[in-house]
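Enquirer:
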Amino acid sequence: MVEAAFNTIHPEFKLNGTHLNLKSLKETAFSLIESHEEYEKQIGGFLQEWLDDNAFITLKTSGSTGQPKTLSMPKQAMVNSALATGQFFNLQPGHTALLCLPAHYIAGKMMLVRAMVLGLHIDVINPKVHLNLPLGKTYHFCAMIPIQVEKNLEQLSSIKTLIVGGAAVSKTLEDNIKGLKTKVFATYGMTETVSHIALKPLNHTSHPLLYKVLPGITIDQDHRGCLIVEAPKLTPEKLITNDLVTIYTPKTFEWLGRFDHVINSGGVKLLPEQIEHKLQKHIMQRFFIAGLPDAYLGEKVVLIIEGPAQKIPKHFFDGLDKFEVPKAVYFIETFLETASGKIQRDATLKLLKKPLN
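Quick note: the sequence shown, position 86, residue 89 per my numbering, numbers continuous.
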């Protein structure tokens, strides 16, 4: 990997069709902050913070697995992450990129950093769910959240490589992605690792869908079977996650579920994410599996579905093992979620009312 510093701008970098150096980018950042559009204000604010003399930048975690946190991240770590992604996808100076995510969170910030570091020509559009992609233009690289992919499938042919993160990709969306000309990858990572540290192809592959780690990343497991990430160019300490995985090679792993989601029902340990995968072909609304206290089992498996109450046909559960079958079904009108659309499971569970058996 060619080294780069956070306080330099690649000479090939363009923003919305205009070549910008360090001085002109600072001027652009100031004008964006004065914009009437919130997404442009966010971009301007980030660029202004990125271009100041401080070697660190403030980042916020999503809050999907707990309270949101504020982190102080070395800008050089973000540069190193951009270089690793560039190497993985062979992104070259002059390649085109599209930013359609808010610059308020790490995914949007990192698109801008990749462009500045790698010399990409990046266009910025309003980060809505229903996107207005520029007509007649092809992009080498883009990042979206799953709901954007779902609502803009017919427009994705103009994007060569697309990474998807921020929330889980449903089985239905996976099936819809398989026929796309666009190469689509799911991401694995977190704010603490400066965006993704591993990628999984969702189409154009005949191999098992495993995550492959980026250059410079080492993986291991702890006694619980949870992933340990060692990324010295991103963070000085080993990161011990709560993600249960199967490691196949030093560079590839399968994600199984969250350790903190494990349900102990009658002494049998169950992974909600594995049960959810089996149910996805039957349930079209958003849903999740959880464990609730039970006097006999310790914890009982329950199914939580978003939307108005309705009867669930018993055959929906035919593919489940006997311990996996939900003991109750609950409906919640609207799930609580993070800004990226990820379900806040614990907070949503607190909204529960009487189940529909």
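Beta carbons are placed, not taken as given, at the ideal position from N, Cα and C, and that holds for glycine.
(1) Could you tell me which of P105, E43, S34, L121 sits nearest to P14, measuring between CA atoms?
(2) Rounded to whole angstroms, what is the Cα-Cα separation between N19 and T249?
(3) What span of residues does the beta strand (DSSP E) with D324 cover, start to end?
(4) Can you tell me where the alpha helix (DSSP H) with T11 in it begins and where it stops?
(5) Check the C-beta distance from I46 over to L136 and give it rounded, since I have them as a contact under 8 Å.
(6) Count the other C-beta atoms from every protein chain shown that fall within 10 angstroms of the C-beta of N83, then say buried if there are 16 or more, exposed otherwise.
(7) Is the beta carbon of L86 less than 8 Å from the beta carbon of Y142?
(8) Can you find the residues in the same chain that come closer than 7 Å, C-beta to C-beta, to K154, ignoring five residues on each side of it along the sequence?
(9) Assuming Q280 is part of the beta strand (DSSP E), what are its boundary residues?
(10) Which partner residues does H22 have in the DSSP bridge list?
(11) Taking the C-alpha atoms as reference points, what is the distance between N267 and Q288?
(12) Which residue marks the beginning of the beta strand (DSSP E) containing I307, and which one marks its end?
(13) Got a sec, what are the start and stop residues for the alpha helix (DSSP H) M113 sits in?
(14) Between the Cα of E177 and the Cα atoms of F92, K284, T244, which residue gives the shortest distance?
(15) Report the three-state DSSP secondary structure of H285 (helix, strand or coil).
(16) Identify, in the order they occur along the chain, each residue of the same chain with its Cβ nearer than 7 Å to the Cβ of P77, setting aside the five sequence neighbours on each side.
(17) With 16 other CB atoms within 10 Å as the buried threshold, where does P253 fall?
(18) Of the choices P149, T61, E157, K112, whose alpha-carbon is the least far from that of T175?
(19) Checking 8 Å against the spacing of the C-beta atoms, do I12 and N24 come in under that value?
(20) I need the straight-line Cα distance from C103 to K112, nearest angstrom please.
(21) Nearest CA to the CA of S160: which residue from A170, K303, L138?
(22) Per DSSP, what kind of secondary structure is S209 in: helix, strand or coil?
(23) State the Cα-Cα distance for the pair M4 and G344, rounded to the nearest angstrom.
(24) How many angstroms separate the CA atom of V305 from the CA atom of I292?
(25) Do you know how far the Cα of T73 is from the Cα of L123?
(26) Mapping the DSSP letters down to three states, classify P204 as helix, strand or coil.
(27) How far does the beta strand (DSSP E) with L62 in it extend, from its first residue to its last?
(28) Using DSSP bridges, identify the partner residues of Y333.
(29) Got a sec, what are the start and stop residues for the beta strand (DSSP E) L230 sits in?
(30) Buried or exposed: T337, going by 16 or more other Cβ atoms within 10 Å of its Cβ?
(31) How would you label I315, buried or exposed, when you count the other beta carbons within 10 angstroms and need 16 or more for buried?
(32) By how many angstroms is the C-alpha of Y299 removed from the C-alpha of T351?
(33) Any idea what DSSP makes of D126, helix, strand or coil?
(34) Do you know how far the Cα of P329 is from the Cα of N206?
Expert: Taking the structure as given:
(1) L121
(2) 42 Å
(3) Neither: D324 is in no beta strand (DSSP E) and is coded neither H nor E.
(4) Unbroken run through T11: none, as it is neither H nor E.
(5) With a Cβ gap of about 18 Å, I46 and L136 do not count as contacting.
(6) buried
(7) no
(8) V132, H133
(9) It is His, not Gln, that sits at residue 280 in the sequence shown. Not the beta strand (DSSP E): H280 falls in the alpha helix (DSSP H), residues 275-282.
(10) K17
(11) 26 Å
(12) 301-309
(13) 109-121
(14) K284
(15) coil
(16) A58, F59
(17) exposed
(18) P149
(19) yes
(20) 11 Å
(21) L138
(22) coil
(23) In this prediction, M4 scores a pLDDT of 47, lower than 50, which makes its location untrustworthy; no coordinate-derived value is stated.
(24) 6 Å
(25) 29 Å
(26) strand
(27) 59-63
(28) I307
(29) 229-233
(30) exposed
(31) buried
(32) 24 Å
(33) strand
(34) 32 Å
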